[in-house]
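Numbering (my numbering), first residue to last: 1 to 321.
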């Protein structure tokens, strides 16, 4: 029995801040337009917010108010360095949707990303999509357990479809960034392998929730991206390189879980592990920790997949890069 897909690392749920009602709520509505309170801030029902449009004295013609910052100055678009800093802050606050939005804006500027920016983008979307993948598995399991209760099953199905739509939107956002900006702008083999692996990953995530012809398409696209990345990695990268190892790890998971091909999965994982072991002397300090961690995941998956007396269904580990 194939193990369920793994989201990689645990994802902690970000708890929203509790809004506190204070005496300032009485004047909140009058400040709403100036200070741009976030959605959900309490407003007094007796003080409705003023209209968004105002007229210049004497002309009678309405005009659109300019967006203001908290100090009343026109809001300036963030440059690349500011967006990257915002992404780092969002990561520390575990606000991965904000982190992804910031790195999406960086990517859409059309420049090749640095290694740091590339990793920030990957971490952001890995967490954003990982939360939905985890939720989808939970709801799917609950839905299966309520087969005898039509009302509960319908509720579970509708909620699962809502999560699926969110997951699909996220994956399509990432795939658009990859095709439109990242892959075409990649000048180094390492970057190209990284982005093609990422493309394979997000088509695989779509495959997990797809059905019918749509599933066939996403599976084919995932395999094509993985295979292209795999060929480049064999020519251009050392067997111990963490990106090459991470690609082998996730490609083998694709074979095992999506294509139901345990033999191919094991062969790919074992070959990658053995080749890395044979060239351990090529490991440098910078990538030693990442490479050895992925090698451990490859070995764990091989143990899981080849065990004939495996009693419990396990999760196949995935790479994070």
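Yeah, the Cβ is synthetic: ideal placement off N, Cα and C, and Gly gets one too. Given the structure is predicted, the values throughout are model-derived calculations rather than measurements.
- Residue 164: member of the alpha helix (DSSP H) spanning 150 to 177, first to last residue.
- The three-state secondary structure of residue 95, taken from DSSP, is coil.
- Judged by DSSP in its simplified three-state form, residue 133 adopts helix.
- Here residue 226 is buried: its Cβ has 16 or more other Cβ atoms, across all protein chains shown, within 10 Å.
- A residue is called buried once 16 or more other Cβ atoms fall within 10 Å of its Cβ, and residue 184, having fewer, is exposed.
- Under the three-state reduction of DSSP output, residue 200 falls in the helix class.
- Relative to residue 245, the option among 177, 279, 212 whose CA is nearest is 279.
- Each residue's CA atom was taken as its position, placing residue 236 and residue 148 some 55 Å apart.
- Spanning the alpha carbons of residue 287 and residue 223 requires a straight line of approximately 27 Å.
- Across the structure, residue 152 and residue 162 are spaced so that their CA atoms are roughly 15 Å apart.
- Residue range 285 to 306 is occupied by the alpha helix (DSSP H) that includes residue 285.
- If you draw a 10 Å sphere on the C-beta of residue 156, you find 16 or more other C-beta atoms in it, and that means buried.
- Residue 244: member of the alpha helix (DSSP H) spanning 242 to 253, first to last residue.
- Residue 138 and residue 281 have their C-alpha atoms roughly 43 Å apart.
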